[in-house]
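Below you'll find the structure, written out as C-alpha coordinates, and then a few comments.
Numbering (the working numbering), first residue to last: 46 to 209.
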(Lines of atoms letter the chains of each structure in order from A and count residues from 1; the text may use other names and numbers.)
(Lines give C-alpha, C1' and ligand atoms only; values in the text may rest on other atoms or scores of the structure.)
Protein backbone atom coordinates (compact mmCIF):
# COMPACT_ATOMS: atom_id res chain seq x y z
CA UNK A 1 0.00 0.00 0.00
CA UNK A 2 1.34 3.40 -1.01
CA UNK A 3 2.02 5.73 1.93
CA UNK A 4 0.56 8.66 -0.02
CA UNK A 5 -2.78 6.88 -0.24
CA UNK A 6 -2.99 6.32 3.50
CA UNK A 7 -1.95 9.91 4.25
CA UNK A 8 -4.55 11.24 1.84
CA UNK A 9 -7.27 9.53 3.84
CA UNK A 10 -6.44 11.67 6.89
CA UNK A 11 -8.77 14.55 7.46
CA UNK A 12 -8.02 17.84 9.13
CA UNK A 13 -9.82 16.47 12.20
CA UNK A 14 -7.57 13.38 12.30
CA UNK A 15 -4.49 15.59 12.16
CA UNK A 16 -5.78 17.78 14.97
CA UNK A 17 -6.50 14.70 17.12
CA UNK A 18 -2.95 13.44 16.54
CA UNK A 19 -1.58 16.82 17.63
CA UNK A 20 -3.86 17.09 20.68
CA UNK A 21 -2.79 13.63 21.86
CA UNK A 22 0.77 14.92 22.17
CA UNK A 23 -0.19 17.80 24.47
CA UNK A 24 -0.22 17.86 28.25
CA UNK A 25 -3.24 18.79 30.37
CA UNK A 26 -2.34 22.48 30.62
CA UNK A 27 -1.78 22.85 26.87
CA UNK A 28 -5.05 21.04 26.17
CA UNK A 29 -6.81 23.61 28.35
CA UNK A 30 -5.22 26.37 26.26
CA UNK A 31 -6.15 24.65 22.99
CA UNK A 32 -9.76 24.42 24.13
CA UNK A 33 -9.91 28.24 24.10
CA UNK A 34 -9.21 28.52 20.34
CA UNK A 35 -12.68 27.72 19.02
CA UNK A 36 -15.69 25.52 19.66
CA UNK A 37 -14.38 22.62 17.54
CA UNK A 38 -11.04 22.60 19.35
CA UNK A 39 -12.79 22.85 22.73
CA UNK A 40 -14.95 19.83 21.93
CA UNK A 41 -11.98 17.80 20.71
CA UNK A 42 -9.58 18.87 23.49
CA UNK A 43 -12.25 18.06 26.10
CA UNK A 44 -12.87 14.56 24.76
CA UNK A 45 -12.17 11.96 27.45
CA UNK A 46 -10.06 9.91 25.02
CA UNK A 47 -7.70 12.89 24.69
CA UNK A 48 -7.72 14.54 28.11
CA UNK A 49 -7.56 11.50 30.41
CA UNK A 50 -4.31 10.05 28.96
CA UNK A 51 -2.77 13.55 28.97
CA UNK A 52 -3.61 13.86 32.66
CA UNK A 53 -2.28 10.38 33.51
CA UNK A 54 0.99 10.51 31.58
CA UNK A 55 3.14 12.73 33.83
CA UNK A 56 2.27 10.61 36.87
CA UNK A 57 2.60 7.28 35.01
CA UNK A 58 -0.76 6.15 36.36
CA UNK A 59 -2.10 2.78 35.33
CA UNK A 60 -5.74 3.85 35.45
CA UNK A 61 -8.16 6.50 36.66
CA UNK A 62 -11.56 5.12 37.69
CA UNK A 63 -14.63 7.31 37.59
CA UNK A 64 -15.79 10.47 35.93
CA UNK A 65 -15.32 13.97 37.31
CA UNK A 66 -18.37 16.09 38.01
CA UNK A 67 -16.82 18.99 36.11
CA UNK A 68 -14.88 18.91 32.85
CA UNK A 69 -12.55 21.54 34.29
CA UNK A 70 -11.20 18.86 36.66
CA UNK A 71 -8.68 17.80 34.00
CA UNK A 72 -7.27 21.31 33.43
CA UNK A 73 -5.03 21.42 36.49
CA UNK A 74 -2.61 18.55 36.86
CA UNK A 75 -0.91 19.07 40.22
CA UNK A 76 0.18 16.62 42.91
CA UNK A 77 -2.29 18.39 45.22
CA UNK A 78 -5.15 16.62 43.40
CA UNK A 79 -4.00 13.24 44.74
CA UNK A 80 -4.48 11.71 48.18
CA UNK A 81 -4.12 8.38 49.96
CA UNK A 82 -7.18 7.01 51.72
CA UNK A 83 -6.40 6.02 55.31
CA UNK A 84 -9.01 4.07 57.25
CA UNK A 85 -9.08 5.46 60.80
CA UNK A 86 -8.01 3.05 63.55
CA UNK A 87 -8.72 3.63 67.24
CA UNK A 88 -5.10 4.47 68.04
CA UNK A 89 -4.70 6.97 65.17
CA UNK A 90 -4.12 10.66 65.70
CA UNK A 91 -3.44 13.39 63.19
CA UNK A 92 0.12 13.65 64.50
CA UNK A 93 0.79 9.90 64.25
CA UNK A 94 -0.57 9.85 60.69
CA UNK A 95 1.58 12.84 59.74
CA UNK A 96 4.64 10.95 60.99
CA UNK A 97 3.61 7.70 59.30
CA UNK A 98 3.13 9.34 55.89
CA UNK A 99 5.89 11.97 56.28
CA UNK A 100 3.55 14.93 55.78
CA UNK A 101 2.71 18.00 57.82
CA UNK A 102 -0.18 17.95 60.32
CA UNK A 103 -1.52 21.19 58.81
CA UNK A 104 -1.59 19.59 55.33
CA UNK A 105 -3.75 16.71 56.59
CA UNK A 106 -6.07 19.16 58.36
CA UNK A 107 -6.31 21.39 55.31
CA UNK A 108 -7.03 18.53 52.90
CA UNK A 109 -9.73 17.14 55.20
CA UNK A 110 -11.24 20.50 56.17
CA UNK A 111 -10.48 19.89 59.86
CA UNK A 112 -10.42 22.64 62.48
CA UNK A 113 -9.24 20.49 65.37
CA UNK A 114 -7.32 17.26 65.95
CA UNK A 115 -10.48 15.82 67.52
CA UNK A 116 -12.30 15.95 64.16
CA UNK A 117 -10.56 12.66 63.36
CA UNK A 118 -12.91 10.77 65.69
CA UNK A 119 -16.03 11.70 63.72
CA UNK A 120 -14.70 10.13 60.52
CA UNK A 121 -14.10 6.67 59.17
CA UNK A 122 -11.22 7.76 56.95
CA UNK A 123 -8.83 10.60 56.32
CA UNK A 124 -7.29 11.70 53.07
CA UNK A 125 -3.52 11.98 53.31
CA UNK A 126 -1.79 14.29 50.82
CA UNK A 127 0.65 12.60 48.48
CA UNK A 128 4.02 14.32 48.46
CA UNK A 129 6.06 11.77 46.52
CA UNK A 130 4.98 11.46 42.87
CA UNK A 131 6.72 8.07 42.66
CA UNK A 132 3.95 6.60 44.82
CA UNK A 133 1.57 7.17 41.89
CA UNK A 134 3.56 5.12 39.35
CA UNK A 135 1.38 2.25 38.04
CA UNK A 136 -1.28 3.24 40.56
CA UNK A 137 -5.03 3.12 40.15
CA UNK A 138 -6.73 6.30 41.34
CA UNK A 139 -10.43 6.81 41.95
CA UNK A 140 -12.11 10.14 41.28
CA UNK A 141 -14.14 10.93 44.38
CA UNK A 142 -16.07 13.90 45.65
CA UNK A 143 -14.96 14.23 49.27
CA UNK A 144 -17.98 14.70 51.53
CA UNK A 145 -16.17 16.97 53.99
CA UNK A 146 -14.41 19.32 51.60
CA UNK A 147 -16.86 19.10 48.69
CA UNK A 148 -13.98 18.87 46.23
CA UNK A 149 -12.98 16.22 43.74
CA UNK A 150 -9.86 14.28 44.63
CA UNK A 151 -7.97 11.43 42.99
CA UNK A 152 -7.74 8.84 45.74
CA UNK A 153 -5.16 6.08 45.89
CA UNK A 154 -6.07 3.12 48.09
CA UNK A 155 -3.22 1.20 49.75
CA UNK A 156 -5.10 -2.08 49.26
CA UNK A 157 -5.72 -1.28 45.61
CA UNK A 158 -9.50 -0.91 45.84
CA UNK A 159 -11.83 1.26 47.88
CA UNK A 160 -13.48 -0.15 50.97
CA UNK A 161 -17.18 -0.27 50.03
CA UNK A 162 -18.13 0.76 53.59
CA UNK A 163 -16.22 4.03 53.22
CA UNK A 164 -17.88 5.06 49.98
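Backbone N, C-alpha and C fix where the C-beta goes; we use that ideal spot for every residue, glycine too.
At a cut-off of 6 Å, would you count residue i as near the ligand COA, judging by its Cβ distance to the nearest heavy atom?
{"i": "residue 183", "result": "Judged by which ligands are present, the structure shown has none, so any question about the ligand COA falls away."}
Keeping to the same chain, check which residues put their C-beta closer than 6 Å to that of residue i; ignore five residues upstream and five downstream.
{"i": "residue 87", "result": "65, 73, 76, 77"}
{"i": "residue 159", "result": "136"}
Can you find the residues in the same chain that come closer than 8 Å, C-beta to C-beta, to residue i, ignoring five residues on each side of it along the sequence?
{"i": "residue 201", "result": "none"}
Please look up how many angstroms separate the CB atoms of residue i and residue j, rounded, as I've assumed it's under 8 Å.
{"i": "residue 188", "j": "residue 169", "result": "6 Å"}
{"i": "residue 178", "j": "residue 198", "result": "7 Å"}
{"i": "residue 115", "j": "residue 172", "result": "Going by Cβ atoms, the distance from residue 115 to residue 172 rounds to 17 Å, so no, they are not a contact pair."}
In chain order, what residues of the same chain have a beta carbon less than 7 Å from the beta carbon of residue i, not counting five sequence neighbours either side?
{"i": "residue 151", "result": "136"}
{"i": "residue 128", "result": "139, 167, 168, 170"}
{"i": "residue 203", "result": "none"}
{"i": "residue 96", "result": "68, 69, 70, 73"}
For a test of the three-state rule: what should DSSP assign to residue i, helix, strand or coil?
{"i": "residue 12", "result": "The structure shown does not extend to residue 12, since the chain spans only 46 to 209, so no value can be given for it."}
{"i": "residue 50", "result": "No answer about residue 50 holds up, because its pLDDT of 46 lies below 50 and its placement is not dependable."}
{"i": "residue 193", "result": "coil"}
{"i": "residue 167", "result": "strand"}
{"i": "residue 184", "result": "strand"}
{"i": "residue 93", "result": "helix"}
{"i": "residue 198", "result": "strand"}
{"i": "residue 77", "result": "coil"}
Out of the options, which one is the CA nearest neighbour of residue i?
{"i": "residue 163", "options": "175, 130, 149", "result": "130"}
{"i": "residue 118", "options": "70, 205, 191", "result": "70"}
For the beta strand (DSSP E) that residue i lies in, which residues bound it at each end?
{"i": "residue 106", "result": "105 to 107"}
If I follow the unbroken alpha helix (DSSP H) through residue i, where does it start and stop?
{"i": "residue 138", "result": "136 to 143"}
{"i": "residue 84", "result": "81 to 87"}
{"i": "residue 60", "result": "57 to 65"}
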